[in-house]
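Remarks on the structure that follows.
In my numbering, the protein residues as written are 666 to 1054.
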């Protein structure tokens, strides 16, 4: 590896935005050496493996094949993917949220700033080190995810794509933590702000989506189709709409009625779900699920169920609800034209995850830009107590 001259001779420091591969790798190497020597780092890896292993064994022993058509392996795989993402979102901020202000507090940042290293070298080097550390946790969880995948109905590419998307999400979280580390002068503040950012993406997006129902609900006319009569266990007929007893029912058939009531128009707020990292992972994971014209067809995988639930939200409320079922349980009733049209629209929708990853990419890029600007020399206004080179 090419060393960088850290002397303060006549060589002038490069511009803050001029990166060098050797400089980035040097900073990353320095950061990783500190982590590897840390006993807490080794204990964190051990606890992570123990937690993932315990959850895997618990799922294998308790989940039954009847929960999803994909079998118990599908549930194990889906839950493990989300659990690994959850732990990754908890661990990653700790790897970068105190990287810059922590070094500044210890007096080790200023010596780097007086070398030939540019500000972007320092930022990207620290980001690379934090991401590499988070990938170590992800790598240790891969055998458990493969174990769950073996018994699932997911295609072969599901594990590969899922791991890649998980890695990108960890990179985003590390970048956000690094940005807060550059903005906040206190390590406690940057750590809290990093976790607030993660909670906003993971939890508050779902909360905001639910609360938005009040804002986007409008009177919507829904047409309900149902059999004219229904029968109890004694064979007594009742009117499906009024519930009144009918002693002499005429020929049974499918009828409809229309009702108008407030329904949330989720086609206006679905983008809140696209920003959620769990939705991104579920939507990106390949599945064998297809949208068909069968009434009883439903996604056969756990991640596929989430994928199509989110995409259904993009279509807004259903305006036709069909409860008509034939007496012959072996004969599947046909779908109405309105139902077929909605399923065709659902099948033609584009994926949600590119929108989510693009938004996360903007957040990460913004955090990197802020961090570089904070490390530029000479500085602008500084917080009290800040060390400078």
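Don't be surprised by glycine CBs; every beta carbon is placed ideally from N, CA and C.
The structure displayed is predicted, hence computed values, not measured ones.
Please classify residue i as buried or exposed, where buried requires at least 16 other C-beta atoms within 10 Å of its C-beta.
{"i": "residue 823", "result": "buried"}
{"i": "residue 814", "result": "buried"}
{"i": "residue 629", "result": "Absent from the model: residue 629. The displayed extent of the chain is 666 to 1054, so no value can be given."}
{"i": "residue 875", "result": "exposed"}
{"i": "residue 684", "result": "buried"}
{"i": "residue 859", "result": "buried"}
{"i": "residue 863", "result": "buried"}
{"i": "residue 1040", "result": "buried"}
{"i": "residue 790", "result": "buried"}
{"i": "residue 792", "result": "buried"}
{"i": "residue 942", "result": "buried"}
{"i": "residue 689", "result": "buried"}
{"i": "residue 794", "result": "buried"}
{"i": "residue 704", "result": "exposed"}
{"i": "residue 993", "result": "Annotation note: pLDDT 45 at residue 993 (below 50); position unreliable, coordinate value reported separately. Residue 993 is exposed by the Cβ-count criterion."}
{"i": "residue 838", "result": "buried"}
{"i": "residue 1016", "result": "exposed"}
Is residue i helix, strand or coil when you go by DSSP?
{"i": "residue 1035", "result": "helix"}
{"i": "residue 684", "result": "coil"}
{"i": "residue 886", "result": "strand"}
{"i": "residue 839", "result": "helix"}
{"i": "residue 926", "result": "strand"}
{"i": "residue 987", "result": "strand"}
{"i": "residue 920", "result": "strand"}
{"i": "residue 993", "result": "Residue placement at residue 993 cannot be trusted, given a pLDDT of 45 that sits under 50; what the coordinates show is reported in the next sentence. Coil at residue 993, not helix or strand."}
Expressed to the nearest angstrom, what Euclidean distance is found between the alpha-carbon atoms of residue i and residue j?
{"i": "residue 719", "j": "residue 831", "result": "21 angstroms"}
{"i": "residue 854", "j": "residue 739", "result": "40 angstroms"}
{"i": "residue 757", "j": "residue 787", "result": "18 angstroms"}
{"i": "residue 959", "j": "residue 836", "result": "Any reading at residue 959 must be qualified, since the residue scores a pLDDT of 49, below 50, and its modelled position is unreliable; the value itself is stated next. One C-alpha to the other measures close to 41 angstroms."}
{"i": "residue 785", "j": "residue 1024", "result": "22 angstroms"}
{"i": "residue 1001", "j": "residue 983", "result": "13 angstroms"}
{"i": "residue 1028", "j": "residue 842", "result": "11 angstroms"}
{"i": "residue 796", "j": "residue 761", "result": "9 angstroms"}
{"i": "residue 1038", "j": "residue 755", "result": "27 angstroms"}
{"i": "residue 1035", "j": "residue 1003", "result": "50 angstroms"}
{"i": "residue 681", "j": "residue 801", "result": "30 angstroms"}
{"i": "residue 759", "j": "residue 878", "result": "35 angstroms"}
{"i": "residue 817", "j": "residue 743", "result": "9 angstroms"}
{"i": "residue 926", "j": "residue 806", "result": "47 angstroms"}
{"i": "residue 1061", "j": "residue 714", "result": "Here the chain has residues from 666 to 1054 only, and residue 1061 is not among them."}
{"i": "residue 809", "j": "residue 887", "result": "46 angstroms"}
{"i": "residue 612", "j": "residue 770", "result": "The requested residue 612 does not occur in the structure, where the chain is confined to residues 666 to 1054."}
{"i": "residue 979", "j": "residue 931", "result": "6 angstroms"}
{"i": "residue 950", "j": "residue 763", "result": "32 angstroms"}
{"i": "residue 1005", "j": "residue 1011", "result": "10 angstroms"}
{"i": "residue 884", "j": "residue 1032", "result": "42 angstroms"}
{"i": "residue 708", "j": "residue 928", "result": "50 angstroms"}
{"i": "residue 741", "j": "residue 751", "result": "15 angstroms"}
{"i": "residue 1018", "j": "residue 973", "result": "12 angstroms"}
{"i": "residue 775", "j": "residue 768", "result": "8 angstroms"}
{"i": "residue 1014", "j": "residue 781", "result": "50 angstroms"}
{"i": "residue 716", "j": "residue 871", "result": "26 angstroms"}
{"i": "residue 778", "j": "residue 861", "result": "30 angstroms"}
{"i": "residue 889", "j": "residue 748", "result": "40 angstroms"}
{"i": "residue 723", "j": "residue 920", "result": "48 angstroms"}
{"i": "residue 783", "j": "residue 981", "result": "50 angstroms"}
{"i": "residue 903", "j": "residue 924", "result": "21 angstroms"}
{"i": "residue 1030", "j": "residue 1008", "result": "37 angstroms"}
{"i": "residue 725", "j": "residue 753", "result": "22 angstroms"}
{"i": "residue 712", "j": "residue 695", "result": "25 angstroms"}
{"i": "residue 1061", "j": "residue 891", "result": "There is simply no residue 1061 to check, as the chain begins at 666 and stops at 1054 in what is shown."}
Since residue i and residue j are thought to touch, with beta carbons under 8 angstroms apart, how far apart are those beta carbons, to the nearest angstrom?
{"i": "residue 975", "j": "residue 948", "result": "6 angstroms"}
{"i": "residue 765", "j": "residue 840", "result": "Wrong, their Cβ atoms sit about 12 angstroms apart, outside the cutoff."}
{"i": "residue 922", "j": "residue 881", "result": "Incorrect: roughly 25 angstroms between the Cβ atoms, too far for contact."}
{"i": "residue 866", "j": "residue 940", "result": "6 angstroms"}
{"i": "residue 1020", "j": "residue 936", "result": "7 angstroms"}
{"i": "residue 834", "j": "residue 971", "result": "Not really, about 15 angstroms apart at Cβ, beyond 8 angstroms."}
{"i": "residue 700", "j": "residue 798", "result": "6 angstroms"}
{"i": "residue 1055", "j": "residue 819", "result": "Coverage of the chain is limited to positions 666 through 1054, which leaves residue 1055 absent and any answer about it impossible."}
{"i": "residue 968", "j": "residue 952", "result": "6 angstroms"}
{"i": "residue 727", "j": "residue 812", "result": "With 8 angstroms as the limit, residue 727 and residue 812 do not qualify as a contact, their Cβ atoms being about 15 angstroms apart."}
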